[in-house]
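There are 2 protein chains.
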Amino acid sequence: MGIDPGLTRCGTGVVEGSVGRPLGLVDVSVIRTSSTLPVWQRLAQIEAGLEARVEHYRPDAVAIERIFARSDVSTIMGTAQASGVAMLVAARRGIPVALHTPSEVKAAVSGNGRADKAQVGAMVARILRLDAMPKPADAADALALAITHIWRGGAQARLDAALARSRR
Amino acid sequence: MGIDPGLTRCGTGVVEGSVGRPLGLVDVSVIRTSSTLPVWQRLAQIEAGLEARVEHYRPDAVAIERIFARSDVSTIMGTAQASGVAMLVAARRGIPVALHTPSEVKAAVSGNGRADKAQVGAMVARILRLDAMPKPADAADALALAITHIWRGGAQARLDAALARSRR
Chain F
10 MGIDPGLTRC GTGVVEGSVG RPLGLVDVSV IRTSSTLPVW QRLAQIEAGL
60 EARVEHYRPD AVAIERIFAR SDVSTIMGTA QASGVAMLVA ARRGIPVALH
110 TPSEVKAAVS GNGRADKAQV GAMVARILRL DAMPKPADAA DALALAITHI
160 WRGGAQARLD AALARSRR
Chain Z
10 MGIDPGLTRC GTGVVEGSVG RPLGLVDVSV IRTSSTLPVW QRLAQIEAGL
60 EARVEHYRPD AVAIERIFAR SDVSTIMGTA QASGVAMLVA ARRGIPVALH
110 TPSEVKAAVS GNGRADKAQV GAMVARILRL DAMPKPADAA DALALAITHI
160 WRGGAQARLD AALARSRR
């Protein structure tokens, strides 16, 4: 399951498959919250939406976009908090979490770390053999995260787990 | 209950009382997480620690330090995520949440919005009639948040609730 975190739109995408085999779309959705609500109610709605999806689809792993402090300052706090909620929902169920940067995702799905939103959306549609580009962009980005994780995530997750064990 | 959010140290303080009456210390503690763990495990530990305290003390309200995007960039992401977890723990139980800025807290407890940590700690000890300043600073800050909320929070929380209702 890929999650593109955001307070206003939090994209989620579930993809099945493995390296070297065709990937399939299982689900794509966007959790929306109203900017007229206080942040804490919006975070609680995002948690409830992610809980429902994780409970239903039982993903093997959750891939979340890595947020940087240098991102857009006006939305950074909400995005960081939404990503924290996404990590929490996975971690407390023991589901492995991986963070991928936007350029890693762009490079994985399109071969170009600076691809624009339309290129990423077009490649996601092609990889998953969809008739149209998933919309909005948050939905396409969540699927791109899930694809990236399957294609490059497995080995990295095993390495992280081994490192975490060795640190204890 | 006041919460001074942080990934490495998350201070919590429970204070009882009301405006015009002496306030009393109920509990003060710090949830610590190891920087060798992945962020998601640290957030899950903070959630578990806050859950246990909220479950035990059943606070009437939770006051959390308001984080600004212009704060220290090296810790801003973790602090924002820890504050998101704190908001979530309160919001999903229906406990009213209030955010207070550091200068509001300093002004409320010491009369000076630019008071330093030692001044805030000394005033917290005096207000709660403690023999010594609560340590570490995160613990004192959490108590200062709880005191601030009691002294200035009640009216604001009722106003916010009325505004939220009128927006629906």
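Protein sequences appear in the order of chains F and Z. Heads up: the first sequence at position 82 corresponds to 91 in our numbering, and the numbers run straight through without jumps. Heads up: the second sequence at position 128 corresponds to 137 in our numbering, and the numbers run straight through without jumps. Where is the CB? At the ideal position from N, CA and C, for every residue including glycine. Note that the structure is predicted; figures quoted are calculated from it, not measured.
For residue 65/F, the enclosing alpha helix (DSSP H) starts and ends at 48 to 66.
Among the residues of chain Z, those whose CB is under 7 Å from the CB of residue 76/F are 86, following chain order. For residue 72/Z, the enclosing beta strand (DSSP E) has its first and last residue at 71 to 74. For residue 107/F, the three-state secondary structure derived from DSSP is strand.
The Cβ of residue 132/Z sits no closer than 8 Å to any Cβ of chain F. Taking 8 Å as the cut-off, the Cβ atoms of residue 63/F and residue 99/F count as close. Cβ-Cβ distances below 8 Å link residue 135/Z to nothing in the same chain once the five nearest sequence neighbours on each side are left out.
For residue 45/Z, the C-beta contacts it makes with chain F under 7 Å involve 176, in order along the chain.
As the crow flies, the alpha-carbon of residue 105/F is around 18 Å from that of residue 90/Z. Along the length of the stretch 90 to 152 of chain Z, whole alpha helix (DSSP H) runs at least 4 residues long occupy 111 to 119 and 126 to 136, reported in chain order. DSSP places residue 157/F within a helical segment (H, G or I) once states are collapsed to three.
Residue 115/Z sits buried, since 16 or more C-beta atoms from the chains shown fall within 10 Å of its C-beta. Boundaries cannot be given for residue 28/F, as no beta strand (DSSP E) includes it and DSSP labels it neither H nor E. Secondary-structure assignment with DSSP links residue 21/F through a beta bridge to 12/F and 38/F.
At a beta-carbon threshold of 7 Å, the residues of chain F lying near residue 96/Z are 48, 49 and 52, ordered along the chain. Taking a Cβ-Cβ threshold of 7 Å, none of the residues of chain F is close to residue 63/Z; the smallest such distance is about 13 Å.
Beta-bridge partners of residue 87/Z (DSSP): none assigned. If you check the CB distance, residue 112/Z and residue 120/Z do not come in under 8 Å. If the five residues before and after residue 142/F are omitted, its C-beta is found closer than 8 Å to the C-beta atoms of 127, 130, 131, 133, 134 and 149, all from its own chain and listed in chain order. Excluding its 5 nearest sequence neighbours in each direction, residue 124/Z has C-beta neighbours in its own chain below 7 Å: 115, listed in chain order.
Distance from the CA atom of residue 24/F to the CA atom of residue 32/F, rounded to whole angstroms, is 7 Å. Residue 11/Z and residue 158/Z do touch by the CB rule: their CB atoms are close to 7 Å apart, below 8 Å. Using a Cβ distance threshold of 8 Å, residue 44/Z and residue 17/Z count as a contacting pair. Judged by their CB atoms, residue 59/Z and residue 52/F are not nearer to each other than the 8 Å cut-off. At a cut-off of 8 Å between beta-carbon atoms, residue 56/F makes contact with chain Z. By the Cβ neighbour-count rule, residue 28/Z is exposed, with fewer than 16 other Cβ atoms within 10 Å of its own. Taking a contact as a CB-CB distance under 8 Å, the pair residue 155/F and residue 15/F does not count as one, their CB atoms being some 16 Å apart.
In this structure, residue 75/Z and residue 42/Z do not form a Cβ contact; the two beta carbons are roughly 22 Å apart against a cut-off of 8 Å. The shortest C-alpha to C-alpha distance from residue 13/F to any of 38/F, 34/F, 26/F and 30/F is the one to 38/F.
With contacts defined as CB atoms closer than 8 Å, residue 107/Z and residue 151/Z fail to qualify as a contacting pair. Chain order gives the chain Z residues near residue 89/F as 85, 86, 89, 90 and 93, where near means a beta carbon separation below 8 Å. Contact with chain F is found for residue 101/Z, since one of that chain's Cβ atoms lies less than 8 Å from the residue's Cβ.
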